[in-house]
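Under my numbering, residues 1 to 290 are what the sequence shown spells out, in order. I have placed the structure first, in the form of structure tokens, so that the comments after it can refer back to it.
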Amino acid sequence: MKTIAPALEVITNSYGSSFTYTKHAEKTNSKAHLWHYHPEIELVYINGGAGKRQIGSHVSYYTNGSLILIGANLPHCGFTNEQTGNTTETVIHIKPEFLGSDFFVAPEMRKVQNILKQAKGGIAFGGETKKRIGNKIEMMENEPPFQRLITLLSVLDELESAEEYTILNADGFSMELQTQDNDRMNVVFNFVKDHFQESISIDEVSSLVSMTTPSFCRYFKKISNKTFTEFVNEYRLVHASKLLAEQPMSINEVCYESGFNNFSHFSKSFKQYTGKSASQYRHEHKIIIS
């Protein structure tokens with residue numbers, strides 16, 4: 001079976017700058033369905049809307065926009081598409097040593113150094129932090145290069161002090177692994193992304209990465225801190241959350257469209273995962289599909 005190889009994204013700095021700043025208008029970022037990774041640290045602000053985010057082995061559904069900091073070489077998909085409903089998406093890429101190998105060891109940079117270390121697992125920021133920092137990120141578009149750099153350092157410093165955040169991947173999952181490990185996990189993630197609506201055999205996935213099934217199960221759990229079955233179920237539940245919020249289809253249809261073949265199992269799993277029944281979740285998010 002043909003699999004999608006992991007894509008190494010090559011990023012070029014913005015003209016006259018030591019980092020890259022890109023603002024995508026609605027629907028113009030084309031990486032929503034592409035698994036990719038890069039040595040640069042990525043800061044993303046999506047100014048509204050709702051969608052799916054998959055970073056490393058973490059998958060979740062966001063609403064009212066998203067502010068995310070992603071560590072170097074941590075694989076992820078894009079976060080917006082034609083259904084997201086955001087106006088713009090601003091993406092900043094910085095190399096870990098973009099100001100020199102010794103810059104972040106300075107005492108004044110201790111907080112920034114700390115947040116960049118935490119970013120290895122991916123961080124999502126919420127509440128007022130998301131709004132305040134998001135506004136600063138968008139305003140950088142019209143700043144001259146030196147002021148833009150100062151603002152970026154200020155943003156990173158503020159993020160380290162933020163209390164409204166979630167580390168997305170368990171400790172140790174950062175893809176600071178051997179190239180072979182990175183490639184294996186990307187093959188697995190791509191396969192799940194493309195086939196989660198179907199029945200997925202662990203034996204089949206194991207063979208895709210040239211491993212025995214027991215070895216693959218131990219390997220996946222060691223790297224992601226969850227079993228492969230748990231990862232697939234989470235992916236399906238997040239897709240169900242997205243459908244419930246965005247599509248006027250029946251809950252029974254949502255169940256089967258998300259890859260579940262048993263409605264009772266879906267209902268129980270959804271409530272365990274979200275703390276709400278599917279109908280409660282839809283009611284709370286009905287503004288998205290209204």
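A virtual CB, placed ideally from N, CA and C, is assigned to each residue, including glycine. Quick caveat: nothing in here was measured; it's all calculated off a predicted structure.
Environment of THR212 [buried if 16+ CB atoms lie within 10 Å] | The C-beta of THR212 has fewer than 16 other C-beta atoms within 10 Å across all chains shown, which makes the residue exposed.
Starting from ALA124, trace the beta strand (DSSP E) both ways and give me its first and last residue.
-> From DSSP, the beta strand (DSSP E) with ALA124 extends over 123–125.
Delimiting residues of the beta strand (DSSP E) encompassing THR151 = Unbroken run through THR151 is the alpha helix (DSSP H), 145–161; no beta strand (DSSP E).
Specify whether the region 38–46 and the region 223–236 touch according to this definition: at least 3 beta carbon pairs, one from each stretch, less than 8 Å apart.
-> Counting Cβ pairs under 8 Å, fewer than three are found: no touch.
Starting from the Cα of ARG110, find the closest Cα among ALA72, ILE94 and LEU156 and give me that residue.
-> When ALA72, ILE94 and LEU156 are compared, the shortest CA-CA separation from ARG110 is found for LEU156.
Opposing strand residues paired with ILE92 [DSSP bridges] | In the DSSP assignment, ILE92 is bridged to TYR21 and LEU43.
8 Å contact criterion, which LEU74 and ILE55 should meet: CB distance rounded = Their Cβ separation, rounded to whole angstroms, is 6 Å, which keeps LEU74 and ILE55 in contact under 8 Å.
Residue burial classification, SER154 (beta-carbon count within 10 angstroms, cutoff 16) | Within 10 angstroms of the beta-carbon of SER154 lie fewer than 16 other beta-carbons, which makes it exposed.
Compare the beta carbon distance of SER66 and ALA25 with 8 Å and say whether it is the shorter of the two.
-> Cβ distance not < 8 Å, so SER66 and ALA25 don't count as in contact.
Proximal residues to ILE68 (C-beta, below 6 Å), its chain only, five neighbours per side dropped | The answer, listed in chain order, is VAL44 and ALA124.
Determine the direct distance from the alpha carbon of PHE191 to that of ASP181, and round the result to whole angstroms.
-> Distance between the alpha carbons of ASP181 and PHE191: 15 Å.
Classify GLN272 as helix, strand or coil using the three-state DSSP reduction.
-> Helix at GLN272.
Are the region 196–208 and the region 248–261 touching, with three or more C-beta to C-beta distances below 8 Å?
-> Contact holds between the region 196–208 and the region 248–261, because three or more Cβ pairs, one in each stretch, are under 8 Å apart.
Sheet register partners of HIS195 (DSSP bridge) = Beta-bridge pairing links HIS195 to no other residue.
Can you tell me where the alpha helix (DSSP H) with THR213 in it begins and where it stops?
-> Judged by DSSP secondary structure, THR213 falls within the alpha helix (DSSP H) whose first and last residues are 213–224.
Between VAL59 and the rest of its own chain, which residues show a CB-CB distance below 6 Å, the 5 nearest in sequence each way excluded?
-> If we look at VAL59 and ignore the five residues flanking it on each side, its Cβ neighbours are GLU234, TYR235 and VAL238.
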